[in-house]
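Asker: Sending over a structure as structure tokens; questions will come in a sec.
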Amino acid sequence: QAAALARSLTDISPRWTPDTLRGLDTSPRAREALAARARTVNNADDAARDAARRADELAAQLDDLAARRDQAILAARAMAAVPGEELDRRAEAVRRLRHVANGLTLEAERAAEAARAERDHAAAAPVARKSTTLLTLGGALLAAGSIAAGALLAAAHGALDLTGLPGHLGQFGLPPLAAMGLAPVYLCGVAALCGLALLAAGWPRRDAAELAAHAARAARLAARHQELTERNDALRAEAARLLHGAGLNGTDAPMDGPSLSDLLDATERALERARDERTRRDRADAEAAAREADCAAQRARHMQALHTREAAEAALHQARADWAAYRAGLDLPESFSPEAAVGLFDRVEACAARAAQADALAARMAVLTAQVAALAEAARAVPALASLCPDEADGPKLNDEAATALLA
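And the structure:
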């Protein structure tokens, strides 16, 4: 029993003795104190293990979210898209260009109409008016009067013989030429002057008022044409500036209204495609931002989990320190774990039972030893048995033969 008790005590603690076992407090309060400290250590260990596992899980999730975020960022950056402000600026330039193109078309029509009106007005210039009758009559009178006056003057100076002419004049009841003197010459001159007047009246000429009105209208038409040309040039310059603002080459772009409208149609279609690309890029950026927000939230959760793990590890360290101090107070070895605390007092009770048995056996042996000593003393008093008893210096011992004889 003593050997079994020693082994049991050594299994609990190499430093434990039966005296330690007898001095150990096994009250319910002591049991609960040991169990509470063991639970504290176990709970702290479980909490630290759970906190570490949670931190590792969140770290893995954070790595996965970070990889998805990086992938979303790379996908967004791979999408070439014009900034929205630039698209709005180009759209505004195209809208104004559309207005300019309509103005160019209208001004081109007005300029063409003004040029046509100018040509029509130039073609409708006032023409010279003449009278063929007056010209014929005046020419005849001028020719006849001049010839007649010349002939009469020549006859008067003897350069022409008109002696046969008086007989003919008499047939008409006219006096002879000699009697008329220079009157026929004057009459011929008057006739020539009348013919000259008729020629002047019938000669081609233009009305001054009509010419002035025509010139004034021509000036107005030319000024109108010039004004339209200047407005057209101004619209072309504005179109070139807006084309540059819309990202188009103004020097190569057509500057007439229909061609510019066709170019603007193509530009608007390109802007629509650019807006679609911008929308896809914005969605990709939003996806990347959402991934970044998820990463930030996950990072915050991970940091919180790290703090929780640190707190749990600190609590575990403190619980283990308290357990170590309590264990040292019970003189238990360092290998004694909190899990073994549940069966400690059962083992102590078992050891206590063995100790009680050992004490009872020791008491029984003491009684028997006393009885043996008494028998040996009694045997030495009998001469026949004295030789069978050992000397008193050897102790109260009897051999088997002496004990048999005494008992007989």
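Numbering-wise (the numbering used here), the sequence shown opens with residue 902 and increments by one. Don't be surprised by glycine CBs; every beta carbon is placed ideally from N, CA and C.
1. For the putative contact between L1172 and V995, defined by C-beta atoms under 8 Å, what is the C-beta separation to the nearest angstrom?
2. Between A1206 and the rest of its own chain, which residues show a CB-CB distance below 6 Å, the 5 nearest in sequence each way excluded?
3. Taking 6 Å as the limit between beta carbons, can you name the residues of its chain near V983, skipping five residues before and five after?
4. Is the segment 985-992 touching the segment 1115-1133, taking contact as three or more C-beta pairs under 8 Å?
5. Whole-angstrom Cβ separation of A1050 and A1093, contact assumed at under 8 Å?
6. Alpha carbon to alpha carbon, how far is A976 from A1191? Give it in angstroms, no decimals.
7. Judging by CA-CA distance, which residue of A1189, T941, E1278, A1102 is the nearest neighbour of T1037?
8. Rounding to the nearest angstrom, what Cα-Cα distance links L1231 and A953 in this structure?
9. Starting from P929, trace the alpha helix (DSSP H) both ways and give me its first and last residue.
10. Since A1194 contacts L998 with CB under 8 Å, what's their CB separation in whole angstroms?
11. Is the segment 1129-1144 in contact with the segment 959-969, if contact means three or more CB pairs nearer than 8 Å?
12. Could you pull out every residue in the same chain whose Cβ sits closer than 7 Å to the Cβ of S1238, ignoring the five residues on either side in sequence?
13. Should the segment 1016-1023 be regarded as contacting the segment 1198-1213, the criterion being three or more beta carbon pairs within less than 8 Å?
14. Look at the alpha carbon of D1157 and the alpha carbon of E1188, and state the distance between them as a whole number of angstroms.
15. Under 8 Å between the Cβ atoms of L1100 and L1043?
16. Name the two residues that bound the continuous alpha helix (DSSP H) containing P1159.
17. Nearest-angstrom Cα distance between A945 and A967?
18. How many angstroms separate the CA atom of T1034 from the CA atom of R1020?
19. With DSSP collapsed to three states, give me the class of L1276.
20. Counting C-beta neighbours from all protein chains within 10 Å, is the total for T1270 16 or more, i.e. buried, or is it exposed?
21. So, with DSSP's three-state summary, where would you put S1238?
Answerer: Taking the coordinates as given:
1. Taking the sequence shown and counting its residues from 1, one reaches residue 1172 at position 271. Taking the sequence shown and counting its residues from 1, one reaches residue 995 at position 94. Approximately 7 Å separates the beta-carbon atoms of L1172 and V995; this is inside 8 Å, confirming the contact.
2. The sequence position of residue 1206 within the sequence shown is 305, counting from 1. Excluding sequence neighbours, A1206 sits near R955, A956, L959.
3. In the sequence shown, residue 983 corresponds to position 82, counting from 1. Excluding residues within five positions, the ones whose Cβ falls inside 6 Å are A1175.
4. Touching, no.
5. Start at 1 with the first residue of the sequence shown, and residue 1050 comes out as number 149. Start at 1 with the first residue of the sequence shown, and residue 1093 comes out as number 192. Confirmed, Cβ separation roughly 6 Å.
6. Residue mapping note: residue 1191 aligns to position 290 of the sequence shown, counting from 1. Residue mapping note: residue 976 aligns to position 75 of the sequence shown, counting from 1. So the two alpha carbons sit approximately 14 Å from each other.
7. As a first step, residue 1037 is located in the sequence shown; it is residue number 136 there, counting from the start. The residue from A1189, T941, E1278, A1102 with its alpha-carbon nearest to that of T1037 is A1102.
8. Taking the first residue of the sequence shown as 1, we reach residue 1231 at position 330. Taking the first residue of the sequence shown as 1, we reach residue 953 at position 52. About 32 Å.
9. By one-based count along the sequence shown, residue 929 stands at place 28. Taken as a continuous stretch (DSSP letters only), the alpha helix (DSSP H) holding P929 covers 929-978.
10. Working through the sequence shown from its first residue, we reach residue 1194 at position 293. Working through the sequence shown from its first residue, we reach residue 998 at position 97. About 41 Å separates the two Cβ atoms, so there is no contact after all.
11. Output reads no: the segment 959-969 does not touch the segment 1129-1144.
12. One-based indexing of the sequence shown puts residue 1238 at position 337. Within the same chain, and ignoring the five residues on either side of S1238 in sequence, no residue has its Cβ closer than 7 Å to its Cβ.
13. Too few Cβ pairs lie closer than 8 Å, so no.
14. As a working note, residue 1157 is residue 256 in the sequence shown. As a working note, residue 1188 is residue 287 in the sequence shown. If I take the Cα positions, the gap works out to 45 Å.
15. The count along the sequence shown starts at 1 and reaches residue 1100 at position 199. The count along the sequence shown starts at 1 and reaches residue 1043 at position 142. Closer than 8 Å, so yes.
16. Within the sequence shown, residue 1159 is the residue found at index 258, counting from 1. Residues 1158-1230.
17. Numbered from its first residue, the sequence shown carries residue 945 at position 44. Numbered from its first residue, the sequence shown carries residue 967 at position 66. Between the C-alpha atoms of A945 and A967 there is a straight-line separation of about 32 Å.
18. Position 133 of the sequence shown, counted from the first residue, corresponds to residue 1034. Position 119 of the sequence shown, counted from the first residue, corresponds to residue 1020. Rounded to whole angstroms, the separation of the alpha carbons of R1020 and T1034 is 34 Å.
19. Against the sequence shown, residue 1276 aligns to sequence position 375. In the three-state reduction of the DSSP assignment, L1276 falls in the helix class.
20. Position 369 of the sequence shown, counted from the start, is the residue given in the question as residue 1270. Exposure of T1270 is indicated by the presence of fewer than 16 other C-beta atoms within 10 angstroms of its C-beta.
21. Numbered from 1 along the sequence shown, position 337 holds the residue referred to as residue 1238. In the structure shown, S1238 sits in coil (DSSP, three-state: anything other than H, G, I, E or B).
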